[in-house]
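Only one structure is covered here, and it is reproduced in the block below.
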Amino acid sequence: MNDSAALSNKKKKKYSVSRLHDRTSTTLLTVALVIICIIYLFPLLWFVLSSFKPGSELFAYPLTIFPKNPTFNNFKEAWTSLDFIRYFGNTLIAAVGTTVLTVLASATCGYAFAKYNAKWLRFFFVCIIATTMLPTEVIMNPTFTVIRSLGLYDNLAGIIIPSINTATGIFMFRTFFVSVPDDLMESARVDGASDGTIFFKIMLPIARPIIMTLSIFSFQWRWNDYIWPLIVLNDPKKYTLQVALRSLVGAENINWTILIAASVISIIPILLVFIVFQRYILDSGATTGLKD
Amino acid sequence: MKALKRNKWPLLFTGINIILFITFFLVPAILGFYYSLTDYKGYSTANFVGFSNYVQLFQDGSFYKSLFRTFRYTITLVPLVYIVSLGVALMLNSDHTKGKFLAKIIFFLPWTISGIITGVIFRWLFGESFGFINYVITLMHGKAVPWFTNSNTAFMVIIFAAIWAGTAFNMLQFLSALKNIPRSLYEAADIDGATAWHKFWYITLPSLKPTSFMVILLATIGAMKEFALVQSLTNGGPGTDNMFIVQYIYTTGFDKMNVGYASAASMVLFAILLILGLVQMKIGGRTNE
Chain A
1 MNDSAALSNK KKKKYSVSRL HDRTSTTLLT VALVIICIIY LFPLLWFVLS SFKPGSELFA
61 YPLTIFPKNP TFNNFKEAWT SLDFIRYFGN TLIAAVGTTV LTVLASATCG YAFAKYNAKW
121 LRFFFVCIIA TTMLPTEVIM NPTFTVIRSL GLYDNLAGII IPSINTATGI FMFRTFFVSV
181 PDDLMESARV DGASDGTIFF KIMLPIARPI IMTLSIFSFQ WRWNDYIWPL IVLNDPKKYT
241 LQVALRSLVG AENINWTILI AASVISIIPI LLVFIVFQRY ILDSGATTGL KD
Chain B
293 MKALKRNKWP LLFTGINIIL FITFFLVPAI LGFYYSLTDY KGYSTANFVG FSNYVQLFQD
353 GSFYKSLFRT FRYTITLVPL VYIVSLGVAL MLNSDHTKGK FLAKIIFFLP WTISGIITGV
413 IFRWLFGESF GFINYVITLM HGKAVPWFTN SNTAFMVIIF AAIWAGTAFN MLQFLSALKN
473 IPRSLYEAAD IDGATAWHKF WYITLPSLKP TSFMVILLAT IGAMKEFALV QSLTNGGPGT
533 DNMFIVQYIY TTGFDKMNVG YASAASMVLF AILLILGLVQ MKIGGRTNE
């Protein structure tokens with residue numbers, strides 16, 4: 001009786017010591033996390049706050065973090081000096097078009113890799129792995145020749161079609177469908193359903209989380225893509241946002257008021273997509289192993 | 293006929309991908325090798341010149357310069373991104389931090405921003421005469437740093453920007469891997485009186501092995517093909533000091549129209565990436581499923 005009381009007392013003491021220890025490390029680690037967060041947030045924050053500063057304030061010492069005379073004029077000026085509606089339109093067509101096609105192609109291909117067994121399928125799987133290690137950015141000139149001879153040069157389709165095949169999208173669906181039990185397929189086959197029906201009626205609907213995650217990733221890749229639009233598009237009327245912005249950055253004398261405001265405008269749509277759908281990216285393990 | 297029938301559905305399911313793979317990967321790769329053996333200029337006919345492009349390439353100082361800058365960039369960036377991403381992920385996974393949800397969003401924000409705009413953001417932050425960083429340095433009675441006129445400081449800014457942009461994705465990989473480590477391992481270690489460092493070294497790090505290999509492989513490939521960020525941040529400058537290999541290929545092949553020569557450089561890069569990939573797969577393969 002006495003012994004056990006002493007023991008529990010000792011336990012309590014040890015417990016409270018570790019509680020104290022816990023609290024100190026919680027404070028320390030949280031402070032560290034806050035500092036790192038500020039470091040990560042600052043470049044973007046400084047940029048966005050600068051977009052509200054009138055031109056005179058951008059280049060006047062002492063610099064202030066918050067604008068003294070906040071203004072929307074930079075945005076108005078940027079909006080009129082750049083054909084934003086056109087660039088938004090082009091980028092949206094390219095991003096949405098590619099995303100829809102990528103999801104469909106990746107889902108079917110990933111499903112085939114997961115549920116069918118054939119030598120040629122295994123060989124093709126290795127080919128797809130090779131594309132991640134040997135990105136086509138590296139062979140720009142011959143890819144350009146192919147695009148041109150297919151009549152896709154200076155055409156939005158020229159940035160959509162070559163981007164449909166993504167190894168990462170295929171891997172995501174493959175991993176997901178491997179985890180789906182084969183019984184589901186077998187029993188539907190017994191009921192007389194064709195493989196196509198099984199895929200579209202049963203498999204595709206249950207893959208919804210993967211569809212969402214890949215859609216968001218693909219949209220981001222294409223919205224921010226630079227190298228293909230740069231090579232494929234020639235007519236400034238067909239430019240996507242990134243290529244149009246690059247012409248501002250590449251100017252001999254950069255007009256910072258317009259450049260900053262224009263950049264901020266271009267970030268807004270993709271930022272909205274992220275804020276609305278963040279749980280599909282941040283909370284799912286589905287994103288393991290993908291990058292474009 | 294029977295084989296075709298058995299393969300009908302998988303063929304239908306993968307058909308588009310096979311066509312796209314052949315059209316936009318296989319054909320360009322073969323064509324690139326062919327170009328590299330010619331003097332093709334993007335127009336008229338291509339004359340066969342054997343391996344002379346390669347011979348010339350291996351004597352070309354500007355090719356070596358951009359290739360070694362790219363290596364230096366990769367070797368500097370990959371370990372830094374690895375350590376920073378893992379550190380952030382560990383903090384976000386710790387029981388001892390508060391405000392994780394908001395922190396996760398903040399760390400992930402740079403993911404939404406393109407390479408071009410990341411370049412603009414850091415160019416603005418590190419501006420030589422009106423940049424915030426130099427302003428703070430002068431406030432503390434330091435001397436303003438000419439960030440973009442010195443090739444080493446310009447290189448540093450590129451590294452900062454690339455870490456800032458690259459943390460989000462890699463952190464997410466580590467976070468989902470950390471969640472999959474069974475808690476019982478840590479509880480058992482607690483009973484044995486293990487320190488936090490021991491737990492990290494003997495439990496966390498070994499469990500993260502497959503993820504680590506993947507992060508390192510993808511980060512290496514990403515660094516080797518860096519283009520947009522540098523183009524908007526320094527445009528390869530000062531001069532051509534920070535011109536990386538993809539920009540070198542782009543400039544040679546599209547601006548100067550030396551398609552044959554640029555293709556030879558592409559093939560060399562292709563070979564390097566292939567070797568890197570195979571080596572990393574070989575090392576990582578044992579730990580992967």
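Going line by line, the protein sequences match chains A and B.
Each residue of the first sequence is one higher than the one before, starting from 1 at the first, in my numbering.
Each residue of the second sequence is one higher than the one before, starting from 293 at the first, in my numbering.
Built from N, CA and C at the ideal position, the CB exists for glycine as well.
(message) Let me see if you follow: with CB-CB separation under 8 angstroms, is ILE398(B) close to chain A or not?
(response) yes
Proximity test, Cβ basis, 8 angstroms: ASN580(B) and chain A = For ASN580(B), the predicted structure reports a pLDDT of 46, less than 50, and the residue's modelled location is therefore unreliable. A value from the coordinates is still provided. Not one chain A Cβ lies under 8 angstroms of ASN580(B).
Is there a Cβ of chain A sitting closer than 8 angstroms to that of ASN385(B), yes or no?
no
Nearest-angstrom beta carbon gap, SER555(B) and SER328(B) [assumed within contact, 8 angstroms]
4 angstroms
Requested in this report: Please name the residue, chosen from GLY353(B), VAL376(B) and ASN385(B), that lies closest to THR30(A) on a Cα-to-Cα basis.
Outcome: Nearest C-alpha to THR30(A): ASN385(B).
Can you give the Cα-Cα distance for SER281(A) and MET212(A), rounded to whole angstroms? Residue identity check: residue 281(A) is Ile in the sequence provided, not Ser. Going by the C-alpha atoms only, they are around 9 angstroms apart.
Exercise for the section: Rounded to whole angstroms, what's the CA-CA distance from GLY289(A) to MET506(B)? Just pull it up for me. Expected result: Low confidence applies here, because GLY289(A) scores a pLDDT of 46, under 50, leaving its location unreliable and the question unanswered by this model.
Coarse secondary structure for THR330(B), derived from DSSP in three states: Looking at THR330(B) - three-state DSSP - the assignment turns out to be strand.
Entirely within the region 384–413 of chain B and at least 4 residues each: give me those alpha helix (DSSP H) ranges in chain order.
392–400
Candidates PRO530(B), LYS300(B) and VAL560(B): closest to VAL538(B) by CA position = VAL560(B)
Query - Reduced DSSP secondary structure (H/G/I, E/B, other) of PHE340(B) - result: If DSSP states are grouped into helix, strand and coil, PHE340(B) belongs with the strands.
Exercise. Express the C-alpha separation of LEU464(B) and THR26(A) in angstroms, rounding to a whole number.
Key: 22 angstroms
Inter-residue CB distance, LEU156(A) and ILE93(A) (contact presumed, cutoff 8 angstroms): 6 angstroms
Item checked: Of the listed residues VAL249(A), GLY158(A) and ASN69(A), nearest to GLN523(B) (C-alpha basis) -> VAL249(A)
Anyone know if the C-beta pair for CYS109(A) and PHE305(B) falls short of 8 angstroms? yes
- Query: Are there 16 or more other CB atoms within 10 angstroms of the CB of GLY196(A), so buried, or fewer, so exposed?
  - Reply: exposed
Exercise for review: Starting from TYR153(A), trace the alpha helix (DSSP H) both ways and give me its first and last residue.
Suggested key: Careful: TYR153(A) lies outside any alpha helix (DSSP H) and carries neither H nor E.
>> Checking 8 angstroms against the spacing of the C-beta atoms, do LEU401(B) and ILE450(B) come in under that value?
In response: no
*In the region 453–531 of chain B, which residue ranges form an unbroken alpha helix (DSSP H) of at least 4 residues, counting only runs that do not cross its ends?*
475–483, 488–491, 501–516 and 520–525
Looking only at its chain, what residues have a beta carbon closer than 7 angstroms to the beta carbon of THR98(A), apart from the 5 residues adjacent to it on each side? ILE160, SER163, ILE164, SER218 and ARG222
- Query: Any beta-carbon of chain A closer than 8 angstroms to the one on SER358(B)?
  - Reply: For SER358(B), the nearest beta carbon of chain A is not closer than 8 angstroms to its own beta carbon.
Where does the unbroken alpha helix (DSSP H) through THR257(A) begin, and where does it stop?
256–282
Self-check item: Contact check, TRP456(B) vs ALA446(B), beta carbons under 8 angstroms
Solution: no
Exercise. Where does GLY289(A) fall in DSSP's three states?
Worked result: Reliability fails at GLY289(A), whose pLDDT of 46 lies under 50, so the model's placement of it is uncertain and no value is given.
Quiz item: Which whole-angstrom value describes the C-beta separation of THR380(A) and GLY55(A), a residue pair presumed to lie in contact below a C-beta threshold of 8 angstroms?
Solution: In the structure as shown, chain A starts at 1 and stops at 292, and residue 380(A) therefore has no counterpart that could be examined.
Q: Quick one: using the 10 Å Cβ neighbour count with 16 as the cut-off for buried, is GLN242(A) buried or exposed?
A: buried
key: Contact set between PRO320(B) and chain A, taken where Cβ atoms lie within less than 7 angstroms   = THR136, ILE139, PRO142, THR143 and VAL146
- Query: So, is ILE405(B) buried or exposed, given that buried needs 16 or more other C-beta atoms within 10 angstroms?
  - Reply: buried
For ALA112(A), collect the residues of the same chain with a Cβ closer than 8 angstroms to its Cβ; drop the 5 residues on either side in sequence, then sort them by chain order. Annotation for ALA112(A): LEU121 place their beta carbon closer than 8 angstroms to its own, counting only its chain and skipping 5 residues before and after.
query = Anyone know if the C-beta pair for PHE536(B) and ARG361(B) falls short of 8 angstroms?
reply = yes
Review point. Quick one: what's got a C-beta closer than 8 angstroms to ILE541(B)'s C-beta in the same chain, skipping five residues either side?
Key: ALA554, ALA557, SER558 and LEU561
Practice task
Check TRP120(A) in the structure and name its three-state DSSP category.
Solution key: helix
### Task
May I have the straight-line CA-CA distance separating PRO135(A) from GLU518(B), to the nearest angstrom?
11 angstroms
> Between THR131(A) and ILE473(B), what straight-line distance do the alpha-carbon atoms span, to the nearest angstrom?
Replying inline: 31 angstroms
Query raised in the report: Given that a residue counts as buried once 16 or more other Cβ atoms are within 10 Å of its Cβ, and exposed if not, what is ALA460(B)?
Result: buried
- prompt: Under a three-way DSSP split, which group does ASN165(A) fall into?
  reply: coil
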